[in-house]
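Enquirer: Would you mind keeping the following structure in view while I ask a few things?
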Amino acid sequence: MPKVSGVFDVIDNLDDISAEDISKWIKNPPQFVILENYIANRILYPQAVAASLGDLEIDLAILREALKRDKSYFSLETRKIIIPNILVSRVPSLTKLVWVFIDAYLLNYQGDEKTRPEIWTVVMRHDDMDETLGTIIAPHFKGNGAIEIKLEDSKKSVVVKRGGLVVVPCLKSRCNINFKLSSGEILAQREGSVEVFGGKLGLVIEGRIP
Amino acid sequence: MRLYANLRVRIKPNVVNIIKRSLVGKGKILVSKGQEVSPEDVIGKSLLSSGFRSINVSALLDVPPIKVDKYLQKRPGQTLYRNELLAFKKGGVLGGKKIVTSPTDGIIESYNSTTGELRMSFLPKSIDLPAAVYGIVEEVDEDRGQVSIKTETTQILGLFGSGRIRDGILKFLSDRSGLIGQQQITSDLSEHIVVGGSLVYSKAISALLAVGAHGIITGGMNAKDYRSMGGGHLNFPRKMGTDIGISLIAFEGFGSIPIGDDIMIALQRHNDRFVILDGNSARLHLPSFEKMSMIRIKKTALPPLDIPMMELPQEVMAVEISVGQKARVTVAPYQGQQGKIVYIDKTPSVLSSGVRTYLVTLELKSRKVKLPFTNIEVI
Numbered sequence: 001m002p003k004v005s006g007v008f009d010v011i012d013n014l015d016d017i018s019a020e021d022i023s024k025w026i027k028n029p030p031q032f033v034i035l036e037n038y039i040a041n042r043i044l045y046p047q048a049v050a051a052s053l054g055d056l057e058i059d060l061a062i063l064r065e066a067l068k069r070d071k072s073y074f075s076l077e078t079r080k081i082i083i084p085n086i087l088v089s090r091v092p093s094l095t096k097l098v099w100v101f102i103d104a105y106l107l108n109y110q111g112d113e114k115t116r117p118e119i120w121t122v123v124m125r126h127d128d129m130d131e132t133l134g135t136i137i138a139p140h141f142k143g144n145g146a147i148e149i150k151l152e153d154s155k156k157s158v159v160v161k162r163g164g165l166v167v168v169p170c171l172k173s174r175c176n177i178n179f180k181l182s183s184g185e186i187l188a189q190r191e192g193s194v195e196v197f198g199g200k201l202g203l204v205i206e207g208r209i210p
Numbered sequence: 211m212r213l214y215a216n217l218r219v220r221i222k223p224n225v226v227n228i229i230k231r232s233l234v235g236k237g238k239i240l241v242s243k244g245q246e247v248s249p250e251d252v253i254g255k256s257l258l259s260s261g262f263r264s265i266n267v268s269a270l271l272d273v274p275p276i277k278v279d280k281y282l283q284k285r286p287g288q289t290l291y292r293n294e295l296l297a298f299k300k301g302g303v304l305g306g307k308k309i310v311t312s313p314t315d316g317i318i319e320s321y322n323s324t325t326g327e328l329r330m331s332f333l334p335k336s337i338d339l340p341a342a343v344y345g346i347v348e349e350v351d352e353d354r355g356q357v358s359i360k361t362e363t364t365q366i367l368g369l370f371g372s373g374r375i376r377d378g379i380l381k382f383l384s385d386r387s388g389l390i391g392q393q394q395i396t397s398d399l400s401e402h403i404v405v406g407g408s409l410v411y412s413k414a415i416s417a418l419l420a421v422g423a424h425g426i427i428t429g430g431m432n433a434k435d436y437r438s439m440g441g442g443h444l445n446f447p448r449k450m451g452t453d454i455g456i457s458l459i460a461f462e463g464f465g466s467i468p469i470g471d472d473i474m475i476a477l478q479r480h481n482d483r484f485v486i487l488d489g490n491s492a493r494l495h496l497p498s499f500e501k502m503s504m505i506r507i508k509k510t511a512l513p514p515l516d517i518p519m520m521e522l523p524q525e526v527m528a529v530e531i532s533v534g535q536k537a538r539v540t541v542a543p544y545q546g547q548q549g550k551i552v553y554i555d556k557t558p559s560v561l562s563s564g565v566r567t568y569l570v571t572l573e574l575k576s577r578k579v580k581l582p583f584t585n586i587e588v589i
């Protein structure tokens, strides 16, 4: 039987990642020699899981840097972020995992800032199908703006300031939201409604992207 | 719930395979195809010049280079022994007598009348090539000075390595968890394959290279040092061989990790014996020193295949985990430690990282530990 594979088998560029790169994502990074050995051992044993929070932090930092170098899980044309299903089972929180993808693909968006899409669909890729998990909404803020989001069938609204990140649960396949920005726009509007995909993830209101 | 882990073969006992023995320098092969050999049999003889030396005779005689020729007592092509007269200049009334003797045994190769340098090559040494193994000669290559011998070895498979096939006498410099100290690296280690401990630093590798050691066996090494040996890359399996002048094999991973008990026992049995290290394939061959192995060698026919390094089977496959299996830990803090699986959880647990997974209980030497089943491999 072929050998057991793991999280880091979906990434084939681990060799290109340096300790310096991943240390930027870690709160109290260990010495570079320890990080280098950690990465190398992950290449040897890609099926290993993080047993401690410290190890998880390093694994997610490695994942961020690996994804930055591999655009195959990101589609600008279809505005999708694609998450391999094996990652979902190895990272404890779907929100944490999506955060990693946002950091890798959207935080340092390489394209024209003016034409950057504000709405992205997040899907999980299984062997034979894609499962929609939710939507990332990343408004174009102007100055220190804030966005107020309200689900159509909810009484409560959520306010996300520039620089913040909030997850709004919405398990339905389609979610209608009303939005209002103090300074900025979505789809060239400061205020309006839009229908987006919902799911296990819900709606990620991302205020950190420039 | 069936759980699977990788099974990694670390030791393959009694494997009949082909090893190559090579003459050092030009010489003659003394055996022929089909001949049976024992470790002490001399299968070839060669002559090897161990280098050359330049002597500035002009400066020593205190004469211009072009005038040295008339003072030389020996000519190019002639043999000269240590302290024998090489050049002599009679002095005058006020002195100026100069005597130049040979610093070593050698043959005068040439004299350069422009620079005043005389070049001497050391006298060639006669070197016997022993078989070093029990076996049967499969092939003789006179042009390359190589003999292929079918023999029986215990193969020890490492995780990674570097360097071409080299052989030598196995020598322990450390116990399984120690480090190689600078003071241990002496010229006695020339042509030896040394066993380090849990970690070998780049300085130790350079020092061993300088004294002429042939190979290093270690539990672990730092990734940065391995990258510099391996052309800057960490690819497993390797796509291309590398060689920095010494061969290396690591058995446990990156970082400081003691050599596993299973491999240590096999190595200790072979201390001060002839071994063959193939760094690029991460394989160590321990030839069998039982005369009885000749029976198995004769019975085994090997296919006429010459499998390139990159195509060797990887010896890792998935197996169902079960109680009683021997396993080793693949991640810190117990990386490299070995034990027996004594229990497999029926329900998943949530680790402190938040990851939800099944745990197995491994009985190590000093304690029992519960680990995610993905963080062990069966051995």
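Going line by line, the protein sequences match chains A and B. When we follow the numbering used here, the leftmost residue of the first sequence carries the number 1, and every step to the right adds one. When we follow the numbering used here, the leftmost residue of the second sequence carries the number 211, and every step to the right adds one. Glycine is no exception: its CB is placed at the ideal position from the N, C-alpha and C atoms. This one's a predicted model, so the numbers in the text were calculated from it and none came from an experiment.
Around the Cβ of A/L14, are there at least 16 other Cβ atoms within 10 angstroms (buried) or fewer (exposed)?
Expert: Sequence index remark: in the first sequence, residue 14 of chain A carries index 14 (1-based). Buried is the call here.
Enquirer: Going by other Cβ atoms of all chains shown within 10 Å of its Cβ, with 16 needed for buried, is B/R285 buried or exposed?
Expert: Along the second sequence, read from residue 1 onward, the residue named residue 285 of chain B stands at position 75. Exposed, since its Cβ has fewer than 16 Cβ neighbours within 10 Å.
Enquirer: Taking a Cβ distance cut-off of 9 Å, strictly less, list which residues of the stretch 75–105 of chain A are near chain B, in chain order.
Expert: So the list reads S89, R90, V91, P92, S93 and K96, given in the order they occur along the chain.
Enquirer: Just how far apart, CA to CA, sit A/L201 and A/K27?
Expert: Within the first sequence, the letter at position 201 stands for residue 201 of chain A. Within the first sequence, the letter at position 27 stands for residue 27 of chain A. Cα to Cα, the separation comes out at about 25 Å.
Enquirer: Please classify A/R69: does DSSP put it in a helix, a strand, or coil?
Expert: Position 69 of the first sequence, counting from 1, holds the residue named residue 69 of chain A. Coil at A/R69, not helix or strand.
Enquirer: The alpha helix (DSSP H) with B/K413 in it runs from where to where?
Expert: Start at 1 with the first residue of the second sequence, and residue 413 of chain B comes out as number 203. Per DSSP, B/K413 belongs to the alpha helix (DSSP H) from S412 to A420.
Enquirer: Looking only at its chain, what residues have a beta carbon closer than 8 Å to the beta carbon of B/S242, apart from the 5 residues adjacent to it on each side?
Expert: The residue given as residue 242 of chain B occupies position 32 in the second sequence. Correct list, in chain order: V347 and V350.
Enquirer: Give the range of the beta strand (DSSP E) segment to which A/K156 is assigned.
Expert: Indexing the first sequence from 1 puts residue 156 of chain A at position 156. From DSSP, A/K156 is part of no beta strand (DSSP E); its letter is neither H nor E.
Enquirer: Would a check of beta-carbon distances place A/V10 closer than 8 Å to chain B?
Expert: Working through the first sequence from its first residue, we reach residue 10 of chain A at position 10. With 8 Å as the cut-off, A/V10 does not count as an interface residue toward chain B.
Enquirer: For the stretch 46–59 of chain A, which residues have a CB atom closer than 8 Å to at least one CB atom of chain B, in sequence order?
Expert: Under the 8 Å Cβ criterion, the stretch 46–59 of chain A contributes Q47, A48, V49, A50, A51, S52, L53, D55 and L56.
Enquirer: Exposed or buried, what is B/V160 when buried is set at 16 or more other beta-carbons lying within 10 Å of its beta-carbon?
Expert: The displayed coordinates of chain B run from 211 to 589. Any statement about residue 160 of chain B would go beyond what the structure contains.
Enquirer: So, B/L380 versus B/V405, is the Cβ gap smaller than 8 Å?
Expert: In the second sequence, the residue the question calls residue 380 of chain B occupies position 170. In the second sequence, the residue the question calls residue 405 of chain B occupies position 195. For B/L380 and B/V405, yes; Cβs fall inside 8 Å.
Enquirer: Going by other Cβ atoms of all chains shown within 10 Å of its Cβ, with 16 needed for buried, is B/F262 buried or exposed?
Expert: Translated into the one-based positions of the second sequence, residue 262 of chain B becomes position 52. Exposed, since its Cβ has fewer than 16 Cβ neighbours within 10 Å.
Enquirer: If we call anything under 8 Å between Cβ atoms a contact, is B/V181 one with B/G244?
Expert: A query on residue 181 of chain B cannot be resolved here, the shown segment of chain B reaching from 211 to 589 and no further.
Enquirer: Please classify B/Y553 as buried or exposed, where buried requires at least 16 other C-beta atoms within 10 Å of its C-beta.
Expert: For the purposes of this step, residue 553 of chain B is taken as the residue at position 343 of the second sequence. Classification of B/Y553: exposed, given that the 10 Å Cβ count is below 16.
Enquirer: At 4 residues or longer, and completely inside the stretch 220–307 of chain B: list those alpha helix (DSSP H) runs for me, N to C.
Expert: Listed in chain order, the complete alpha helix (DSSP H) runs (minimum 4 residues) inside the stretch 220–307 of chain B are 267–271.
Enquirer: If we call anything under 8 Å between Cβ atoms a contact, is B/I366 one with B/I221?
Expert: The sequence position of residue 366 of chain B within the second sequence is 156, counting from 1. The sequence position of residue 221 of chain B within the second sequence is 11, counting from 1. Yes, the Cβ-Cβ distance between B/I366 and B/I221 is below 8 Å.
Enquirer: With respect to the alpha helix (DSSP H) encompassing A/T95, which residues constitute its N-terminal and C-terminal limits?
Expert: Taking the first sequence and counting its residues from 1, one reaches residue 95 of chain A at position 95. Unbroken alpha helix (DSSP H) run through A/T95: L94 to Y105.
Enquirer: DSSP state of B/P518, grouped into three classes?
Expert: Sequence index remark: in the second sequence, residue 518 of chain B carries index 308 (1-based). Here the model assigns B/P518 a pLDDT of 49, short of 50, so the residue's position is not dependable, and the following value carries that caveat. Of the three classes helix, strand and coil, the one that applies to B/P518 here is coil, per DSSP.
Enquirer: Determine the DSSP secondary structure at A/I11, reduced to helix, strand or coil.
Expert: The residue labelled residue 11 of chain A in the question sits at position 11 within the first sequence. Reduced to three states, the DSSP call for A/I11 is coil.
Enquirer: Is it a yes or a no for the stretch 92–104 of chain A touching the stretch 32–47 of chain A, going by three-plus beta-carbon pairs under 8 Å?
Expert: No, the stretch 92–104 of chain A is not in contact with the stretch 32–47 of chain A.
Enquirer: According to DSSP, is B/A528 helix, strand or coil?
Expert: Within the second sequence, residue 528 of chain B is the residue found at index 318, counting from 1. DSSP places B/A528 in strand when its eight states are reduced to three.
Enquirer: Can you find a CB in chain A that lies within less than 8 Å of the CB of B/T428?
Expert: Sequence index remark: in the second sequence, residue 428 of chain B carries index 218 (1-based). Not an interface residue.
Enquirer: Compare the C-beta of B/E521 with all C-beta atoms of chain A and state if any pair is closer than 8 Å.
Expert: Reading the second sequence from its first residue, position 311 is the one you call residue 521 of chain B. Residue placement at B/E521 is poorly supported in this model, since its pLDDT is 46, which falls under 50; the coordinates still yield a value, given next. Output row for B/E521: interface = no.
Enquirer: Taking DSSP as the reference, what is the three-state secondary structure of B/K509?
Expert: Here residue 509 of chain B corresponds to residue number 299 of the second sequence, with the count starting at 1. Helix.
Enquirer: On a CA-only basis, which of B/N432, B/H424 and B/A423 is nearest B/Y411? Give me that one, please.
Expert: Translated into positions along the second sequence, residue 411 of chain B becomes position 201. When each option's Cα is compared against that of B/Y411, the closest is B/N432.
Enquirer: Among B/I318, B/R577, B/S264 and B/G254, which has the Cα closest to the Cα of B/D353?
Expert: Taking the first residue of the second sequence as 1, we reach residue 353 of chain B at position 143. Closest by alpha carbon: B/G254.
Enquirer: What number of angstroms, rounded off, separates the C-alpha of A/A104 from the C-alpha of A/I62?
Expert: Walking along the first sequence from the start, residue 104 of chain A turns up at place 104. Walking along the first sequence from the start, residue 62 of chain A turns up at place 62. When rounded, the distance between both Cα atoms is 10 Å.
Enquirer: Can you tell me the Cα-Cα spacing of B/I239 and B/G345, whole angstroms?
Expert: Along the second sequence, one-based indexing puts residue 239 of chain B at 29. Along the second sequence, one-based indexing puts residue 345 of chain B at 135. Those two C-alpha atoms are separated by around 16 Å.
Enquirer: Below 8 Å on the Cβ atoms is my contact criterion, and I expect B/I456 with B/V421 to pass it. Report the Cβ-Cβ distance as a whole number of Å.
Expert: For the purposes of this step, residue 456 of chain B is taken as the residue at position 246 of the second sequence. For the purposes of this step, residue 421 of chain B is taken as the residue at position 211 of the second sequence. In fact, because the Cβ distance is near 10 Å, the residues do not count as touching under 8 Å.
Enquirer: For the stretch 23–36 of chain A, list every residue whose C-beta sits within 8 Å of some C-beta in chain B, in sequence order.
Expert: Listed by position, the residues of the stretch 23–36 of chain A near chain B (Cβ gap below 8 Å) are V33, I34 and E36.
Enquirer: Who are the near neighbours of B/G301 in its chain, counting only those whose CB is closer than 8 Å to its CB and skipping five residues on each side?
Expert: To locate residue 301 of chain B, count along the second sequence from 1; it is residue 91. Answer for B/G301: K307 and K308, listed in chain order.
Enquirer: Buried or exposed for B/E521, please, with buried defined as at least 16 other CB atoms from any protein chain shown within 10 angstroms of its CB.
Expert: Locating residue 521 of chain B in the second sequence gives position 311, where the first residue counts as 1. Legend: pLDDT at B/E521 = 46, less than 50; position of this residue unreliable, value from coordinates given subsequently. Burial call: exposed.
Enquirer: Going by alpha carbons, who is nearest to A/T135 out of A/W120, A/G184 and A/A146?
Expert: As a first step, residue 135 of chain A is located in the first sequence; it is residue number 135 there, counting from the start. For A/T135, the nearest C-alpha among the options comes from A/W120.
Enquirer: Using a threshold of 8 Å, state whether the C-beta atoms of B/Q392 and B/A417 are closer than that.
Expert: Counting from one through the second sequence, the residue named residue 392 of chain B turns up at place 182. Counting from one through the second sequence, the residue named residue 417 of chain B turns up at place 207. In this structure, B/A417 lies closer than 8 Å to B/Q392 by Cβ.
Enquirer: Between A/P139 and A/K71, what straight-line distance do the alpha-carbon atoms span, to the nearest angstrom?
Expert: As a first step, residue 139 of chain A is located in the first sequence; it is residue number 139 there, counting from the start. As a first step, residue 71 of chain A is located in the first sequence; it is residue number 71 there, counting from the start. Going by the C-alpha atoms only, they are around 22 Å apart.
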